[in-house]
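> Here it is, the structure, as structure tokens.
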Amino acid sequence: MLSAATTASAIIDGLVVSSPRTTGAGTDTSLEYASGRSSNVKTLIPLVLAIAGGLVLCGAAVLIAQPNSLSSPEAIESAQKAPVTNKDLGVTVTPEMKEHSRLLDILYFVTFLYGLAVTVLILATGLSRRMRDAAFRATNRKFVAAMLYFVLFSLVSALLTFPLDWYSGFSVPHRFDLSNQTFGEWFLEQLKQFGISILIAAPLVALALMGIRKMPRRWWLALWLGTIPVTLLLVLAQPLIIDPMFNKFEPLKNQVLAQRLLDTAAKAGISGGRVYEVNKSKQTKTMNAYVNGIGPSKRIVMWDTLLAKMTEDEVVFVMGHEMGHYVMHHLWKGIAFTMAVLFFVFFAAKKLLDLALIRFGPAWGLSEPSDPATVPLLFLVLSLITFALSPVFAGYSRSVEHQADIFALELTRLNEPGARAFIKFAEDTKLDPEPNRFIEIWRYSHPALARRIAFALAYKPWERGEPNRLWKGK
Ligand SMILES: [Zn+2]
Numbered sequence: 001m002l003s004a005a006t007t008a009s010a011i012i013d014g015l016v017v018s019s020p021r022t023t024g025a026g027t028d029t030s031l032e033y034a035s036g037r038s039s040n041v042k043t044l045i046p047l048v049l050a051i052a053g054g055l056v057l058c059g060a061a062v063l064i065a066q067p068n069s070l071s072s073p074e075a076i077e078s079a080q081k082a083p084v085t086n087k088d089l090g091v092t093v094t095p096e097m098k099e100h101s102r103l104l105d106i107l108y109f110v111t112f113l114y115g116l117a118v119t120v121l122i123l124a125t126g127l128s129r130r131m132r133d134a135a136f137r138a139t140n141r142k143f144v145a146a147m148l149y150f151v152l153f154s155l156v157s158a159l160l161t162f163p164l165d166w167y168s169g170f171s172v173p174h175r176f177d178l179s180n181q182t183f184g185e186w187f188l189e190q191l192k193q194f195g196i197s198i199l200i201a202a203p204l205v206a207l208a209l210m211g212i213r214k215m216p217r218r219w220w221l222a223l224w225l226g227t228i229p230v231t232l233l234l235v236l237a238q239p240l241i242i243d244p245m246f247n248k249f250e251p252l253k254n255q256v257l258a259q260r261l262l263d264t265a266a267k268a269g270i271s272g273g274r275v276y277e278v279n280k281s282k283q284t285k286t287m288n289a290y291v292n293g294i295g296p297s298k299r300i301v302m303w304d305t306l307l308a309k310m311t312e313d314e315v316v317f318v319m320g321h322e323m324g325h326y327v328m329h330h331l332w333k334g335i336a337f338t339m340a341v342l343f344f345v346f347f348a349a350k351k352l353l354d355l356a357l358i359r360f361g362p363a364w365g366l367s368e369p370s371d372p373a374t375v376p377l378l379f380l381v382l383s384l385i386t387f388a389l390s391p392v393f394a395g396y397s398r399s400v401e402h403q404a405d406i407f408a409l410e411l412t413r414l415n416e417p418g419a420r421a422f423i424k425f426a427e428d429t430k431l432d433p434e435p436n437r438f439i440e441i442w443r444y445s446h447p448a449l450a451r452r453i454a455f456a457l458a459y460k461p462w463e464r465g466e467p468n469r470l471w472k473g474k
């Protein structure tokens with residue numbers, strides 16, 4: 001269910017590399033601490049195999065999903081020829097940007113490893129077993145006991161990961177002057193997110209354990225199948241129920257801009273009324289826009305911070321990018337892609353969990369996968385596999401983001417404002433527009449900003465009388 005909650009929170013961000021912690025509301029953060037690492041050689045072998053498999057997959061994905069692979073050969077050539085120097089871009093890569101990016105990259109890996117360590121600690125000290133026993137002392141109904149266990153486990157994990165959550169979620173944004181929240185506001189928001197996550201996840205975890213108990217051999221398939229409706233429901237509900245618990249969503253206040261965006265949306269083939277403005281300035285100084293929801297809840301949302309910092313042309317370009325996601329059904333495609341990958345993830349998780357239980361079960365007081373005390377071990381295994389697959393998900397996301405850039409340029413032909421918007425994003429987020437290539441491939445959901453700036457300046461097929469690639473309107 002880890003994956004379900006993670007996918008549900010998946011919004012398609014506007015223009016910057018997205019960190020789960022900065023997207024605000026949602027069910028995304030609380031389940032991600034469910035991870036762990038084993039130091040045993042025998043168990044490490046299948047894990048290493050899984051990671052190696054993931055790396056092979058990621059190699060393939062990176063080849064398929066090179067940010068430029070979707071543009072015409074001419075565009076690639078001109079984009080590569082375009083001088084990506086600071087002076088030409090008008091963006092100065094400051095030491096602050098370098099330092100901030102490096103810190104976030106280190107935190108990304110440290111958070112993962114720390115999460116693993118916490119989970120192993122909870123398992124190996126017998127804490128997991130003791131929490132399960134306590135849950136069964138309180139009730140003899142399996143479903144309720146499983147939910148109770150999950151609440152205890154989540155509380156312990158949250159307490160143990162709190163220092164790191166505070167550092168990356170509060171301290172670092174303040175150090176770089178990116179946050180508008182006091183500690184009290186930030187802490188209350190964390191509590192709220194935690195509560196909502198538990199409410200959603202506890203019954204799902206209990207349900208999953210029931211499935212594992214009923215289908216000891218094929219539970220991985222049942223869990224995968226169960227993930228599909230749960231994900232769809234969460235993606236549908238996020239903009240309607242969860243997001244409004246954290247922020248206020250309203251129609252655009254600026255009427256002139258609203259009319260221009262409505263015209264652009266009509267050109268893109270989107271009927272009106274699906275564009276919202278959200279008061280993100282409550283939380284952050286940074287800016288963004290995104291598409292989320294499906295069916296009746298599908299919408300484009302613009303942060304109020306974006307409206308305050310960008311010119312009208314720049315806003316129209318950014319929204320053209322979001323309209324690209326909307327029109328090309330990127331959310332549906334993303335869900336389908338994720339589900340396809342998860343099929344193998346759940347299968348591998350079943351195999352690895354069985355092996356881990358044989359090796360560690362006796363020492364940790366765990367007997368079978370349907371035992372609630374085994375949940376951290378299942379999360380650990382899922383976490384290792386999905387971490388190894390990070391480049392696959394990131395590569396897929398970058399390819400989709402590049403498509404949205406192409407769509408925005410074809411729809412609006414606002415090349416220079418587009419480039420300026422990207423420059424403002426780099427300055428605004430204080431992130432290095434030219435990150436290390438490995439880091440970009442491993443974890444960037446969007447192509448590096450320097451690459452996007454160069455592309456925005458170079459991509460003008462209409463000047464050569466060539467047809468559009470993605471936007472087919474007039
Ligand atoms: Zn996007």
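Going by this note's numbering, the first residue of the sequence shown is number 1, and it counts up by one from there.
All C-beta atoms in this analysis are idealised placements derived from N, C-alpha and C, irrespective of residue type, glycine included.
These numbers come from a predicted model, not from an experiment.
1. Determine the contact status of Ala419 and Leu378, defining contact as a CB-CB distance below 9 Å.
2. For Phe483, does the three-state DSSP call read helix, strand or coil?
3. Quick one: what does DSSP say Ile406 is sitting in, helix, strand or coil?
4. Let's see if you can read the secondary structure: which residues bound the beta strand (DSSP E) around Ala289?
5. Can you find the residues in the same chain that come closer than 8 Å, C-beta to C-beta, to Lys309, ignoring five residues on each side of it along the sequence?
6. What distance in whole Å lies between the Cβ atoms of Phe150 and Val375, which are believed to be in contact at a cut-off of 8 Å?
7. In this structure, does DSSP put Met97 in helix, strand or coil?
8. Identify the continuous alpha helix (DSSP H) that holds Val301 and give its terminal residues.
9. Out of curiosity, what's the CA-to-CA distance linking His402 and Val301?
10. Work out the CA separation of Arg299 and Met328 for me, nearest whole Å.
11. Do Ala145 and ligand 1 come close, with the Cβ less than 8 Å from some heavy atom?
12. Can Ala426 and Val91 be called in contact, C-beta distance under 9 Å?
13. Less than 9 Å separating the beta-carbons of Asp313 and Leu414?
14. Which residue comes first and which comes last in the alpha helix (DSSP H) that contains Tyr149?
15. Thinking C-alpha only, which one of Lys333, Leu389, His330 and Lys253 is nearest Arg443?
16. Using 9 Å as the threshold, is the C-beta distance between Leu411 and Gly293 below it?
17. Is it the case that the CB of Glu99 approaches a heavy atom of ligand 1 more closely than 8 Å?
18. Return helix, strand or coil for Thr284, following the three-state DSSP convention.
19. Return the bridge partner residues of Ser179 from the DSSP annotation.
20. Suppose contacts are defined by Cβ-Cβ distances below 9 Å. Is Pro362 in contact with Arg132 by that definition?
21. For the beta strand (DSSP E) holding Val91, just list the boundary residues, first then last.
22. Using DSSP bridges, identify the partner residues of Glu277.
23. With C-beta atoms as the reference, is His330 less than 9 Å away from Ala448?
24. Please work out which residues of its chain come closer than 7 Å, Cβ to Cβ, to Leu209, disregarding the five sequence neighbours upstream and downstream, and give them in chain order.
25. Tell me which residue opens and which closes the alpha helix (DSSP H) that Asn468 is part of.
26. Any heavy atom of ligand 1 closer than 8 Å to the CB of Ala404?
27. Report buried or exposed for Trp186, applying the criterion of at least 16 other Cβ atoms within 10 angstroms of its Cβ.
28. Is it buried or exposed for Leu44, if we count other Cβ within 10 angstroms and need 16 for buried?
29. Does the beta-carbon of Glu322, which I'm using as the reference point, lie nearer than 8 Å to any heavy atom of ligand 1?
30. Roughly how many whole angstroms lie between the Cα atoms of Arg137 and Ser383?
31. Return yes when the C-beta of His329 is under 8 Å from any heavy atom of ligand 1, and no when it is not.
32. Are there three or more Cβ pairs, one per stretch, closer than 8 Å when the region 220-236 is compared with the region 250-260?
33. Out of Glu322, Leu409 and Ile270, which has the shortest C-alpha to C-alpha gap to Ala458?
34. Along the chain, where does the alpha helix (DSSP H) containing Asn415 start, and where does it finish?
35. Taking 8 Å as the line, does the beta carbon of Glu401 fall inside it for any heavy atom of ligand 1?
To lay it out plainly:
1. Translated into the one-based positions of the sequence shown, residue 419 becomes position 419. Translated into the one-based positions of the sequence shown, residue 378 becomes position 378. Not in contact: Ala419 and Leu378 (Cβ atoms no closer than 9 Å).
2. Residue 483 lies beyond the stretch modelled for the chain, which goes from 1 to 474, so this question has no answer here.
3. Along the sequence shown, read from residue 1 onward, the residue named residue 406 stands at position 406. Residue state, collapsed to three classes: helix.
4. Counting from one through the sequence shown, the residue named residue 289 turns up at place 289. It spans Ala289 to Asn292 - the beta strand (DSSP E) in which Ala289 sits, taken as one unbroken run.
5. Along the sequence shown, read from residue 1 onward, the residue named residue 309 stands at position 309. Only Met287, Lys424 and Asp428 meet the Cβ criterion.
6. Translated into positions along the sequence shown, residue 375 becomes position 375. Translated into positions along the sequence shown, residue 150 becomes position 150. Confirmed, about 7 Å.
7. Residue numbering aside, residue 97 sits at position 97 when the sequence shown is read from its first letter. Three-state result, Met97: helix.
8. As a working note, residue 301 is residue 301 in the sequence shown. Counting along the chain, Val301 falls outside any alpha helix (DSSP H), though it belongs to the beta strand (DSSP E) covering Arg299 to Trp303.
9. Working through the sequence shown from its first residue, we reach residue 402 at position 402. Working through the sequence shown from its first residue, we reach residue 301 at position 301. The straight-line gap from Cα to Cα measures roughly 19 Å.
10. Sequence index remark: in the sequence shown, residue 328 carries index 328 (1-based). Sequence index remark: in the sequence shown, residue 299 carries index 299 (1-based). A straight-line Cα-Cα distance of about 13 Å links Met328 and Arg299.
11. Locating residue 145 in the sequence shown gives position 145, counting from the first residue. Checking the Cβ of Ala145 against ligand 1 gives no.
12. In the sequence shown, residue 426 corresponds to position 426, counting from 1. In the sequence shown, residue 91 corresponds to position 91, counting from 1. The answer is yes: Cβ separation under 9 Å.
13. Residue 313 sits at position 313 when you count from the first residue of the sequence shown. Residue 414 sits at position 414 when you count from the first residue of the sequence shown. Taking 9 Å as the cut-off, the beta carbon of Asp313 is found closer than this to the beta carbon of Leu414.
14. Position 149 of the sequence shown, counting from 1, holds the residue named residue 149. Here the alpha helix (DSSP H) through Tyr149 covers Lys142 to Trp166.
15. The residue given as residue 443 occupies position 443 in the sequence shown. Taking the Cα of Arg443 as reference, the smallest distance to any Cα among Lys333, Leu389, His330 and Lys253 is reached at Leu389.
16. As a first step, residue 411 is located in the sequence shown; it is residue number 411 there, counting from the start. As a first step, residue 293 is located in the sequence shown; it is residue number 293 there, counting from the start. Not in contact: Leu411 and Gly293 (Cβ atoms no closer than 9 Å).
17. Reading the sequence shown from its first residue, position 99 is the one you call residue 99. Taking non-hydrogen atoms of ligand 1 into account, the C-beta of Glu99 is found less than 8 Å away from none of them.
18. For this step, residue 284 is matched to residue 284 along the sequence shown. Of the three classes helix, strand and coil, the one that applies to Thr284 here is strand, per DSSP.
19. If you number the sequence shown from 1, residue 179 lands on position 179. Note: Ser179 sits in a beta bridge opposite Thr284.
20. In the sequence shown, counting from the first residue as 1, residue 362 sits at position 362. In the sequence shown, counting from the first residue as 1, residue 132 sits at position 132. For the pair Pro362 and Arg132, the CB atoms are not nearer than the 9 Å cut-off.
21. Residue mapping note: residue 91 aligns to position 91 of the sequence shown, counting from 1. That residue, Val91, is in no beta strand (DSSP E); it is neither H nor E in DSSP.
22. As a first step, residue 277 must be located in the sequence shown, where it is residue number 277. DSSP output for Glu277 lists Glu250 and Met302 as bridge partner(s).
23. Start at 1 with the first residue of the sequence shown, and residue 330 comes out as number 330. Start at 1 with the first residue of the sequence shown, and residue 448 comes out as number 448. At a Cβ-Cβ threshold of 9 Å, His330 and Ala448 do not count as neighbours.
24. Position 209 of the sequence shown, counted from the first residue, corresponds to residue 209. Answer for Leu209: Ala146, Ser370 and Pro372, listed in chain order.
25. Along the sequence shown, read from residue 1 onward, the residue named residue 468 stands at position 468. That residue, Asn468, is in no alpha helix (DSSP H); it is neither H nor E in DSSP.
26. In the sequence shown, the residue the question calls residue 404 occupies position 404. Judged by the Cβ position, Ala404 qualifies as a neighbour of ligand 1 at the 8 Å threshold, a heavy atom of the ligand being closer than this.
27. Working through the sequence shown from its first residue, we reach residue 186 at position 186. Classification for Trp186: buried.
28. For the purposes of this step, residue 44 is taken as the residue at position 44 of the sequence shown. Residue confidence for Leu44 is low, a pLDDT of 41 falling below 50, so the modelled location carries little weight and cannot support an answer.
29. Here residue 322 is taken as the residue at index 322 of the sequence shown, counted from 1. Glu322: yes, Cβ under 8 Å from ligand 1.
30. Here residue 137 refers to the residue found at position 137 when the sequence shown is read from its first residue. Here residue 383 refers to the residue found at position 383 when the sequence shown is read from its first residue. Each residue's alpha carbon lies about 30 Å from the other.
31. Locating residue 329 in the sequence shown gives position 329, counting from the first residue. No, ligand 1 has no heavy atom inside 8 Å of this Cβ.
32. With contact defined as three or more Cβ pairs closer than 8 Å, the region 220-236 and the region 250-260 are not in contact.
33. Locating residue 458 in the sequence shown gives position 458, counting from the first residue. Of Glu322, Leu409 and Ile270, the residue nearest in Cα terms is Leu409.
34. Your numbering for residue 415 matches position 415 in the sequence shown. Element bounds for Asn415: Asn415 to Thr429.
35. Translated into positions along the sequence shown, residue 401 becomes position 401. At a threshold of 8 Å, Glu401 counts as near ligand 1, since its beta carbon sits closer than that to one of the ligand's heavy atoms.
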